[in-house]
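To start, the structure under review is shown below, and the notes come after it.
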Amino acid sequence: MKNIVLLGSTGSIGKNVLEVARKYPDKFKIIAIASNENISILAEQAREFRPSVTVVKNADCYKDLVSEVGGISNVTAGEEEMACLAEHPSADIIFIAISGIAALNPLIRAIKQGKTIALASKEPIVSAGRIISALVKKYGAKIIPVDSEHSALNECLYGRNIADVRKFYITGSGGSLRTRKKEELENISLDEVLAHPKWDMGKKITVDSATMMNKGLEVIEAKWLFDIAAEKIDVVIHPEAIIHSMVEFLDGTIQASLFYPDMKFPILKALSYPEIFESSFSRVDFVSIGKMTFHEPDRKMFPALDMAFNALNIGGTMPAVLNSANEASVKLFLEGKIKFNEIIKKIQEVMGKHTVIAEPLLGDIMNAEKWAFREVLENC
Numbered sequence: 001m002k003n004i005v006l007l008g009s010t011g012s013i014g015k016n017v018l019e020v021a022r023k024y025p026d027k028f029k030i031i032a033i034a035s036n037e038n039i040s041i042l043a044e045q046a047r048e049f050r051p052s053v054t055v056v057k058n059a060d061c062y063k064d065l066v067s068e069v070g071g072i073s074n075v076t077a078g079e080e081e082m083a084c085l086a087e088h089p090s091a092d093i094i095f096i097a098i099s100g101i102a103a104l105n106p107l108i109r110a111i112k113q114g115k116t117i118a119l120a121s122k123e124p125i126v127s128a129g130r131i132i133s134a135l136v137k138k139y140g141a142k143i144i145p146v147d148s149e150h151s152a153l154n155e156c157l158y159g160r161n162i163a164d165v166r167k168f169y170i171t172g173s174g175g176s177l178r179t180r181k182k183e184e185l186e187n188i189s190l191d192e193v194l195a196h197p198k199w200d201m202g203k204k205i206t207v208d209s210a211t212m213m214n215k216g217l218e219v220i221e222a223k224w225l226f227d228i229a230a231e232k233i234d235v236v237i238h239p240e241a242i243i244h245s246m247v248e249f250l251d252g253t254i255q256a257s258l259f260y261p262d263m264k265f266p267i268l269k270a271l272s273y274p275e276i277f278e279s280s281f282s283r284v285d286f287v288s289i290g291k292m293t294f295h296e297p298d299r300k301m302f303p304a305l306d307m308a309f310n311a312l313n314i315g316g317t318m319p320a321v322l323n324s325a326n327e328a329s330v331k332l333f334l335e336g337k338i339k340f341n342e343i344i345k346k347i348q349e350v351m352g353k354h355t356v357i358a359e360p361l362l363g364d365i366m367n368a369e370k371w372a373f374r375e376v377l378e379n380c
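Going by full-length UniProt numbering, the sequence shown wraps up at 380, each residue one higher than the last.
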């Protein structure tokens with residue numbers, strides 16, 4: 001039985017984690033859950049899973065949550081209390097499903113406790129990959145990626161030597177706009193952007209998929225998670241979304257990880273690692289699929305991919321600025337304050353203004369993130 005602390009329990013990934021835990025009650029025990037402010041769902045989860053601790057980040061929601069589950073779980077509130085859960089002494093796995101840069105603090109706390117971390121949030125690795133990699137080595141922590149692409153890479157590399165790798169291929173479905181023409185993007189609606197053809201995800205990551213920034217962030221994440229050079233990472237569009245990543249080795253052989261596009265697969269892999277548990281999730285039916293296709297991403301129509309490679313090559317604080325400016329720009333788009341095409345323009349503007357710190361400390365990275373986020377919002 002593994003004890004799980006789940007940060008971000010009311011989001012898309014968090015709900016899937018609990019669905020997996022529900023199917024394996026003899027394997028996983030949810031001992032703590034946390035959410036930003038969605039107390040109706042959080043209270044429902046607490047009543048079902050009866051964690052020892054339930055945390056709401058928004059302290060204004062504390063009294064309401066206590067009235068809902070105070071007799072079932074120890075209720076606390078605040079950003080610090082949520083981050084402290086990452087240090088829970090009884091946790092076998094800290095599952096971080098918090099969206100965006102807010103995941104950085106609990107991630108570092110978990111690492112410093114030498115924890116095993118199931119990480120669904122790519123943003124902390126993008127912003128502070130060099131520092132996080134060093135901390136993981138120093139404290140003996142383990143990060144198991146939950147992103148479907150990095151979960152697939154992890155599987156392909158199991159028992160292999162990274163020095164034997166010639167190339168990583170990160171696949172992408174192409175997102176909701178892959179069949180659109182460039183001129184259509186100017187007035188594309190939010191509903192159209194959020195209508196992903198393959199994945200049921202949160203709004204922010206679905207927008208990132210549409211701009212292809214998601215693939216760019218995944219490239220940066222892969223570089224730090226697997227300690228591989230950027231020039232050994234490539235992106236391939238695979239509309240069927242069955243192959244999630246591939247690894248080509250020096251001898252010319254390629255290993256791929258295939259599964260039905262459902263986040264419960266990488267979640268189960270992260271929770272059960274290094275074991276394999278039988279699942280009842282949807283399986284790949286090759287006959288019904290018929291064929292699998294691949295093509296190059298359209299980098300002119302979707303420049304976010306090259307922007308991410310550029311930020312990675314510049315290094316220092318630039319990936320953090322890319323990451324935070326993207327988060328702020330997507331926020332504005334979701335709020336209806338800017339058009340879809342303005343997302344990339346705003347990120348480019350902020351990156352162009354930034355003075356890079358080549359070898360930043362953690363405080364420098366956090367300051368760069370705050371500056372970039374503020375810069376986007378103030379120039380809306």
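Glycine included, C-beta positions come from ideal geometry on N, C-alpha and C.
Alpha-carbon to alpha-carbon, residue j and residue i
i, j, result
"Phe249", "Asp164", "6 angstroms"
"Ser9", "Lys15", "6 angstroms"
"Ala304", "His354", "17 angstroms"
"Val235", "Asn74", "45 angstroms"
"Val207", "Val53", "33 angstroms"
"Glu149", "Pro89", "30 angstroms"
"Leu332", "Glu186", "16 angstroms"
"Leu268", "Met1", "14 angstroms"
"Met201", "Ser12", "6 angstroms"
"Gly352", "Gly129", "22 angstroms"
"Lys115", "Ala152", "22 angstroms"
"Ser280", "Glu240", "21 angstroms"
"Met263", "Asp147", "8 angstroms"
"Glu218", "Ile243", "15 angstroms"
"Glu359", "Pro297", "32 angstroms"
"Cys61", "Ala77", "8 angstroms"
"Lys339", "Arg299", "20 angstroms"
"Arg180", "Val193", "11 angstroms"
"Lys370", "Ser99", "16 angstroms"
"Gly336", "Lys345", "16 angstroms"
"Ser35", "Thr253", "44 angstroms"
"Asn154", "Arg178", "27 angstroms"
Cβ-Cβ separation, residue j to residue i (assumed contact under 8 angstroms), whole Å
i, j, result
"Glu87", "Ala103", "Not quite, the Cβ-Cβ distance comes to about 15 angstroms (not below 8 angstroms), so this is no contact."
"Met213", "Asn326", "5 angstroms"
"Ile143", "Ile101", "With 8 angstroms as the limit, Ile143 and Ile101 do not qualify as a contact, their Cβ atoms being about 17 angstroms apart."
"Pro106", "Met82", "7 angstroms"
"Ser189", "Ala210", "About 11 angstroms separates the two Cβ atoms, so there is no contact after all."
"Val126", "Glu221", "6 angstroms"
"Phe373", "Ser324", "5 angstroms"
"Lys182", "Met301", "5 angstroms"
"Glu68", "Ala91", "24 angstroms between Cβ atoms; not a contact."
Member of the options whose CA lies at the smallest distance from the CA of residue i
i, options, result
"Ile276", "Pro266, Val284 and Arg166", "Pro266"
"Lys29", "Ile4, Ser12, Asn36 and Lys23", "Ile4"
"Ala46", "Ala141, Ser176, Val66 and Met366", "Val66"
"Gly315", "Glu335, Tyr273 and Leu361", "Leu361"
"Ile347", "Leu334, Gly336 and Ala311", "Ala311"
"Ile108", "Thr253, Lys370 and Met366", "Met366"
"Gly159", "His196, Gln255 and Lys198", "Gln255"
"Lys27", "Ser272, Ser288 and Asp306", "Ser272"
"Glu349", "Glu378, Thr293 and Ala32", "Glu378"
"His295", "Gly174, Ala328, Lys223 and Ser282", "Gly174"
"Lys23", "Gly290, Glu278 and Gly363", "Glu278"
Three-state secondary structure assigned by DSSP to residue i
i, result
"Pro319", "helix"
"Ile31", "strand"
"Arg180", "coil"
"residue 381", "Residue 381 is absent from the model: the chain starts at 1 and stops at 380."
"Ile357", "coil"
"Phe286", "helix"
"Gly172", "strand"
"Ser245", "strand"
"Phe373", "helix"
"Pro124", "helix"
"Ile4", "strand"
"Asn161", "coil"
"Gly92", "Checking the sequence, you will find Asp at residue 92 rather than Gly. Correct three-state label for Asp92: coil."
C-beta atoms of residue i and residue j nearer than 8 angstroms
i, j, result
"Lys112", "Leu135", "yes"
"Val247", "Cys156", "yes"
"Leu119", "Ile96", "yes"
"Leu6", "Val17", "yes"
"Ile233", "Ile170", "yes"
"Ile39", "Val56", "yes"
"Val330", "Lys204", "yes"
"Val356", "Met318", "yes"
"Gly172", "Ile237", "yes"
"Leu225", "Pro145", "yes"
"Asp251", "Ile162", "no"
"Glu80", "Asn58", "no"
"Ser245", "Phe168", "yes"
"Ala230", "Phe309", "yes"
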